[in-house]
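Chains V and D, in that order, give the protein sequences. Just so we're aligned: 1218 in the working numbering is position 248 of the first sequence, and the numbers increase by one with no gaps anywhere. Just so we're aligned: 1049 in the working numbering is position 79 of the second sequence, and the numbers increase by one with no gaps anywhere. No residue lacks a Cβ here, since even glycine has one placed at the ideal position from N, Cα and C. Structure record follows, encoded as structure tokens.
2 protein chains.
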Amino acid sequence: MAGVSQTTVSLVLNGKAESEVRISPETRDRVLQVIRDTGYVADPAARRLAERRNRIYGVFTYEAVFPAESADFYHPFLVGIEECAEEAGCDLLLFTSAKAAQRERRRIFSAESRIRLADGCVLLGRTVDRDDLVRLLAERIPFVSVGRRDDAGGPVPYVGADYPPAVRALVARAAALGHRRMAYVGVGRGAESYADRLRGFIAGVAETGAEGLHLTTTAGLFESGATVVFAEELADGAAIAEAALARGLDVPRDLSIVALGAPTRPVSTDIDFTGFRIPRREMGRRAVELLTRVLERGGNPQELLACELVDGSTLAPVPDER
Amino acid sequence: MAGVSQTTVSLVLNGKAESEVRISPETRDRVLQVIRDTGYVADPAARRLAERRNRIYGVFTYEAVFPAESADFYHPFLVGIEECAEEAGCDLLLFTSAKAAQRERRRIFSAESRIRLADGCVLLGRTVDRDDLVRLLAERIPFVSVGRRDDAGGPVPYVGADYPPAVRALVARAAALGHRRMAYVGVGRGAESYADRLRGFIAGVAETGAEGLHLTTTAGLFESGATVVFAEELADGAAIAEAALARGLDVPRDLSIVALGAPTRPVSTDIDFTGFRIPRREMGRRAVELLTRVLERGGNPQELLACELVDGSTLAPVPDER
DNA sequence: TTCCGTTGCTAATGCGCATTAGTGCGACAT
DNA sequence: ATGTCGCACTAATGCGCATTAGCAACGGAA
């Protein structure tokens, strides 16, 4: 329509006239006019094939991104991811098809995996399969994990929440209020985030010279003599508060509770727990930023974002007498 | 690695051995073994280019899919969309990049539009630009709108909520309770969904022989003598209830309120409004199903899903005496 | 022996773009 | 008249796949 070759259109479209090849302003305008008239848009698939770049970022989650019920674990991360992708002019590809079989966890790699269609990928999940990480690294697929990950045959690019300092600070605060016997309730392993919390607790206890005990479940908590309990997740904190109430204990007068991870959004409990806020949205944003950087300059960036302490009302001075 | 040509691998990969071309079982197994060993996955971009099919469905929304605040309008639809896409083995491409400029609404068509990368597209939004619809139809891009749309140079494929019968049923119910003077509060136009509600109201009033009035805002409502008010949206209903309370009116004793569209999730108000439930999740599911059908067999399907009535507690018999 | 049909595979092509190595042409110098 | 150079553009190629036409080898029928 403009009487020029496909090459010329491509050059005009990509504004490459500056470099080596030259296109006269008249021709350029003519081409641009036709593009405007017809609304021509380059085929993204062909572009990807030729250019090896798409401006599409994949988002992988092991469960549904849009959960029907349940408190939404992914949502705050995704808010940040979408914000940042929008600013970067990128589209997001959700790997919803990744479910291997009925009722099974999604898989990153499958026969039909469209992961390579994206320029890179953001990984979401409390835990990530080690095998998946190994393979992502081995195949040199650009990605960034949201949440710290242990090495998997090499350093994993991530942006995580910096749990240990936050937990240590809370332990210190409890110690300052006179608590000498503290309990951590939770598995403290499995997910890196749990391990990090427990690590922070242990470090904090060591620093303050307090006595620390680690309980996997609530069993034995009330007999342990602990005056403050650090709950691995908010849900645990709520359960402990309820159990305490059932025993006629007042929180925080008789028992202080610290929740390691503030709620995403208003949850069933109306207790205003002392603890910290996981910067989920910021983590999502930062993950996309890092992914962009990885795509441009490579590297395996690892970042930890600080957790802001939340005062709340469940941490009080230790009772004088029991 | 298997000592065969690229063609053979392609044939094995796509299980085309049945039709015309034949591959011996031994060769097939050998190829499959290598594929398994290496974890080879076909490049989706190249595949799309050659095959003109992707198993990627686009999802277009005019605002953020993951909103930071505000009641989430899109979420229930997306739950259904993701569920169905997962079952169909499709990935979802969110067009987050579509924002033309700062603070502006997203655009379907832009210079960089990746919409053609997807096999088809699901459109979400209270309203959809008519120009966008026209162009989608003109360019024969397969798509399905969630929400009924007026023709745009041709019938628009959609799955919508069937408002008129639901509103009519509620009007009839009010009439059966003795109400003779009813008000509709809302714009009643702009979005097809508003127009449909108002249409249902007008039809219902005509059927029952009641007196119906249409108010764009709450102004004048309490002086109108209406004993029941149909609020276009739940938020309107909540505002009306509050205003009524401020005037010392009891809902529903003095004034009945019907909310045309139940809340997505628990909102600020704790009033249990009489009204109907918009089948958002089902609409999302159905949209994906229809898109799949369109891709396979073409056509411009249009479907309306019934809204289930919600009893609630804000519709009562008309007061004997005012 | 020749001819044909079948089996099992591959060479070649095109999808729509980005990129590279040219090519034709006019201006200018020799 | 001949050579040289820069300008404005194009032909050709490759990206990784699906697809189609075709080819070699072999066996059985004539």
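Nearest neighbour of residue i, chosen from the options [CA to CA]
i: residue 1132 of chain D; options: D:1147, D:1231, D:1014; result: D:1231
i: residue 1243 of chain D; options: D:1284, D:1221, D:1268; result: D:1284
i: residue 1049 of chain D; options: D:1194, D:1279, D:1250, D:1265; result: D:1250
i: residue 1205 of chain D; options: D:1216, D:1198, D:1187; result: D:1187
i: residue 1036 of chain D; options: V:1031, V:1267, V:1213, V:1045; result: V:1045
i: residue 1108 of chain V; options: V:1097, V:1116, V:1121, V:1117; result: V:1121
i: residue 971 of chain V; options: V:1148, V:1215, V:1012, V:1000; result: V:1000
i: residue 1197 of chain V; options: V:1031, V:1029, V:1220; result: V:1220
i: residue 1123 of chain D; options: D:1099, D:1146, D:1263, D:1116; result: D:1099
i: residue 1015 of chain D; options: D:1087, D:1274, D:1192; result: D:1087
i: residue 1117 of chain V; options: V:1207, V:1047, V:1065, V:1026; result: V:1047
i: residue 1280 of chain D; options: D:1267, D:1264, D:1241, D:1252; result: D:1241
i: residue 1265 of chain V; options: V:1053, V:1127, V:1052, V:1033; result: V:1127
i: residue 1191 of chain V; options: V:1207, V:973, V:1179, V:1177; result: V:1207
i: residue 1097 of chain D; options: D:1260, D:1162, D:1258; result: D:1162
i: residue 1027 of chain V; options: V:998, V:1115, V:1223; result: V:1115
i: residue 1002 of chain D; options: V:1254, V:1038, V:1081; result: V:1081
i: residue 1034 of chain D; options: V:1053, V:1020, V:1029, V:1033; result: V:1053
Beta-bridge pairing of residue i - partner residues as DSSP gives them
i: residue 1031 of chain V; result: V:1094
i: residue 1335 of chain V; result: There is simply no residue 1335 of chain V to check, as chain V begins at 971 and stops at 1292 in what is shown.
i: residue 1121 of chain D; result: BP columns for residue 1121 of chain D are empty, so no partner.
i: residue 1272 of chain V; result: V:1128
i: residue 1178 of chain D; result: The partner list for residue 1178 of chain D (beta bridge, DSSP) is empty, contrary to what the question assumes.
i: residue 1065 of chain V; result: Answer is none; residue 1065 of chain V lacks a bridge partner.
i: residue 1246 of chain D; result: D:1279
i: residue 1076 of chain D; result: D:1069
i: residue 1229 of chain V; result: V:1201, V:1245
i: residue 993 of chain V; result: According to DSSP, which records beta bridges pairwise, residue 993 of chain V is partnered with nothing at all.
i: residue 1116 of chain D; result: D:1129
i: residue 1026 of chain D; result: D:1061
Alpha-carbon to alpha-carbon, residue j and residue i
i: residue 1113 of chain V; j: residue 990 of chain D; result: 41 angstroms
i: residue 980 of chain V; j: residue 1134 of chain D; result: 51 angstroms
i: residue 1256 of chain V; j: residue 1157 of chain V; result: 28 angstroms
i: residue 1143 of chain V; j: residue 1169 of chain V; result: 17 angstroms
i: residue 1167 of chain D; j: residue 1202 of chain D; result: 7 angstroms
i: residue 1173 of chain V; j: residue 1213 of chain V; result: 28 angstroms
i: residue 1286 of chain V; j: residue 1211 of chain V; result: 14 angstroms
i: residue 976 of chain V; j: residue 1077 of chain D; result: 27 angstroms
i: residue 1022 of chain D; j: residue 996 of chain D; result: 31 angstroms
i: residue 1292 of chain V; j: residue 1063 of chain D; result: A caution first: residue 1292 of chain V carries a pLDDT of 45, below 50, which makes its placement in the model too unreliable to give a value.
i: residue 1184 of chain V; j: residue 1154 of chain V; result: 5 angstroms
i: residue 1031 of chain D; j: residue 1215 of chain V; result: 46 angstroms
i: residue 1084 of chain V; j: residue 1068 of chain D; result: 22 angstroms
i: residue 1189 of chain D; j: residue 1209 of chain D; result: 12 angstroms
i: residue 1011 of chain V; j: residue 1075 of chain D; result: 20 angstroms
i: residue 1066 of chain V; j: residue 1194 of chain D; result: 52 angstroms
i: residue 1139 of chain V; j: residue 1228 of chain V; result: 11 angstroms
i: residue 1260 of chain V; j: residue 1217 of chain V; result: 49 angstroms
i: residue 1095 of chain D; j: residue 1111 of chain V; result: 34 angstroms
i: residue 1268 of chain D; j: residue 1029 of chain D; result: 19 angstroms
i: residue 1020 of chain V; j: residue 1038 of chain D; result: 37 angstroms
6 angstroms Cβ shell around residue i - same chain, five flanking residues per side excluded
i: residue 1024 of chain V; result: 1018, 1089
i: residue 1159 of chain V; result: 1165
Beta-carbon contacts of residue i that lie in its chain and below 8 angstroms, excluding the five residues immediately before and after
i: residue 1175 of chain D; result: 1141, 1152, 1181, 1182
i: residue 1226 of chain V; result: 1144, 1147, 1149, 1197, 1198, 1199, 1244, 1284, 1285, 1286, 1288
i: residue 974 of chain D; result: 997, 1000, 1001
i: residue 1223 of chain V; result: 1286, 1289
Chain-order list of residues whose beta-carbon lies under 7 angstroms from that of residue i (same chain, five-residue window excluded)
i: residue 993 of chain V; result: 978, 981, 982, 987
i: residue 1277 of chain V; result: 1131, 1132, 1133, 1136, 1246, 1247, 1248, 1249
i: residue 1262 of chain D; result: 1058
i: residue 1125 of chain V; result: 1270, 1272
i: residue 1178 of chain V; result: 1141, 1142, 1145
i: residue 1282 of chain V; result: 1242, 1243, 1244, 1245
i: residue 1171 of chain D; result: 1137, 1141, 1154, 1182, 1200
i: residue 1252 of chain V; result: 1050, 1275
i: residue 984 of chain V; result: none
i: residue 1119 of chain V; result: 1098, 1103, 1126, 1128, 1162
- Message: Quick check: the region 1078 to 1093 of chain D against the region 1003 to 1014 of chain D, are at least 3 beta-carbon pairs closer than 8 angstroms?
- Response: no
- Query: Touching or not, the region 1099 to 1108 of chain V and the region 1055 to 1074 of chain V, by the rule of three or more beta carbon pairs under 8 angstroms?
  - Reply: no
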